[in-house]
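Whatever position you read off the sequence shown (first residue = 1), add 3 for the numbering used here.
Note that the Cβ used here is the ideal one computed from N, Cα and C, for glycine as well.
Data block below; observations after.
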Amino acid sequence: MDLRKLSTINALSDAVTICEFQGVKIVRVIHDTAEAGISLHGGHLIWFKPAGEQDVIWLSEKAEFDTTKAIRGGIPVCWPWFGKAATPSHGFARNSQWTLKEHRENSNGVIISLMLEDSESTRKMWPHKFKNELIFEIGTELKVHLTSTNVDDHSWSYGGALHTYFTVADINTVEITGMGKEYNDSTQGGKIAEGGDTLTFTQEVDRVYTSPQDIIEINDKNNQRQIAVENQGHNAAVIWNPWQELSISMSDMADNSFETMVCVESTIHGQDIELAPGQSHTLSTLISVKK
Ligand code: TA6
Numbered sequence: 004m005d006l007r008k009l010s011t012i013n014a015l016s017d018a019v020t021i022c023e024f025q026g027v028k029i030v031r032v033i034h035d036t037a038e039a040g041i042s043l044h045g046g047h048l049i050w051f052k053p054a055g056e057q058d059v060i061w062l063s064e065k066a067e068f069d070t071t072k073a074i075r076g077g078i079p080v081c082w083p084w085f086g087k088a089a090t091p092s093h094g095f096a097r098n099s100q101w102t103l104k105e106h107r108e109n110s111n112g113v114i115i116s117l118m119l120e121d122s123e124s125t126r127k128m129w130p131h132k133f134k135n136e137l138i139f140e141i142g143t144e145l146k147v148h149l150t151s152t153n154v155d156d157h158s159w160s161y162g163g164a165l166h167t168y169f170t171v172a173d174i175n176t177v178e179i180t181g182m183g184k185e186y187n188d189s190t191q192g193g194k195i196a197e198g199g200d201t202l203t204f205t206q207e208v209d210r211v212y213t214s215p216q217d218i219i220e221i222n223d224k225n226n227q228r229q230i231a232v233e234n235q236g237h238n239a240a241v242i243w244n245p246w247q248e249l250s251i252s253m254s255d256m257a258d259n260s261f262e263t264m265v266c267v268e269s270t271i272h273g274q275d276i277e278l279a280p281g282q283s284h285t286l287s288t289l290i291s292v293k294k
């Protein structure tokens, strides 16, 4: 199913329409500068394609769309914890129904803003009141900002990630720079390790880089392009490729689909962000393509 061609159920403006797939509502953006799709289930961006460019974001051909599961690919919003720190894995935000709050557009692009607030069901998993605003700036570049606000009467802390899956032509020829040297190796129980300036892939990579530079670059040689990832409000960058064995074990990934993806994630890990009542913090990722 080509999600971009779903029939419109509601046209909100020249550039923004709502469509639906298997009960999942998708905000579809078609603008002179770019095209994008954002699932309200998970607040999850599922495609982004600047005009005249190939897709930048990877979505699994076996991604499952139902309102109970996280979507494989895109930009999962992992919140209020990263990974298996608690259940469900990567938090509940990527499995929650977000609300479309605002859409705006001009000749530079389109801004979509979504909201997620605590509810009885979130408070059962995490006993705090919060307000999350997720802003997507869609144009020749993609900017995603997740602002979390403490609306409770006590402090709380959180971790998480904008867990972006990028499309690459062939993982075997991809080089990543800017992630820094020190990392915790999640394939070795979080062992602290040190790598070189350039990361290449010959097996599963699951690393939490603890002192990334301002910009991480994915050199996608076979596509003859570089993708620059500028993260803000983070304290780590996770880089992940599951390689073959793990892909085979995952029902929502095709056996060889690891060859065309890599995750570079704007991450809050280890040291959570603590917010006093009324305080906010923003986690961002800014994505651009260079030739
Ligand atoms: O970000 C890397 C990671 O935490 C890996 O350890 C891997 O499990 C991946 O995320 C996907 O997690 P998920 O819960 O979506 O299967």
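- CA-CA distance, W50 to A66, rounds to 13 Å.
- In this structure, the ligand TA6 has no non-hydrogen atom nearer than 6 Å to the beta-carbon of H272.
- Partner residues in the beta bridge of R228, as assigned by DSSP, are D223.
- By a beta-carbon distance limit of 8 Å, G163 contacts P83. Their separation comes to about 6 Å.
- For the ligand TA6, a non-hydrogen atom lies closer than 6 Å to the CB of G86.
- For D258, the Cβ stays outside the 6 Å cut-off from all heavy atoms of the ligand TA6.
- Taking a cut-off of 8 Å on C-beta distances, the segment 232-252 touches the segment 197-216, as three or more cross pairs fall below it.
- The segment 92-102 makes no contact with the segment 247-257, as fewer than three CB pairs between them are under 8 Å.
- Counting only residues whose CB is nearer than 6 Å to a non-hydrogen atom of the ligand TA6, the list in chain order is A73, G86, S92, H93, H166, S189, D209, V241, W243, C266, E268.
- 7 Å or more divides the Cβ of F85 from the Cβ of M128.
- A distance below 7 Å separates the beta carbons of I141 and A37.
- Here G40 is buried, its C-beta having at least 16 other C-beta atoms within 10 Å.
- Between E268 and K294, the alpha-carbon positions lie close to 22 Å from each other.
- The C-beta separation of V171 from D255 comes to about 19 Å, leaving the pair out of contact by the 8 Å criterion.
- Beta-bridge analysis with DSSP links Q235 to S287.
- For P91, the number of other beta carbons within 10 angstroms of its own is below 16, and it is reported as exposed.
- For the pair D5 and A14, the Cα-to-Cα distance works out to about 19 Å.
- It is roughly 15 Å from the alpha-carbon of D69 to the alpha-carbon of L62.
- Beta bridge pairing from DSSP links I21 with N13, V30.
- Residue pairing by DSSP puts Q100 in a beta bridge opposite H44.
- The DSSP-derived three-state label of I174 is helix.
- Under the three-state reduction of DSSP, W159 is assigned to strand.
- Secondary structure at I179: strand, using DSSP grouped into helix, strand and coil.
- Closest in C-alpha terms to S42, from the list H34, T152, V154, I29, comes I29.
- Contact between Y168 and C266 holds: their C-beta atoms lie close to 5 Å from each other, under 8 Å.
- T152 sits in a strand when the DSSP states are folded into three classes.
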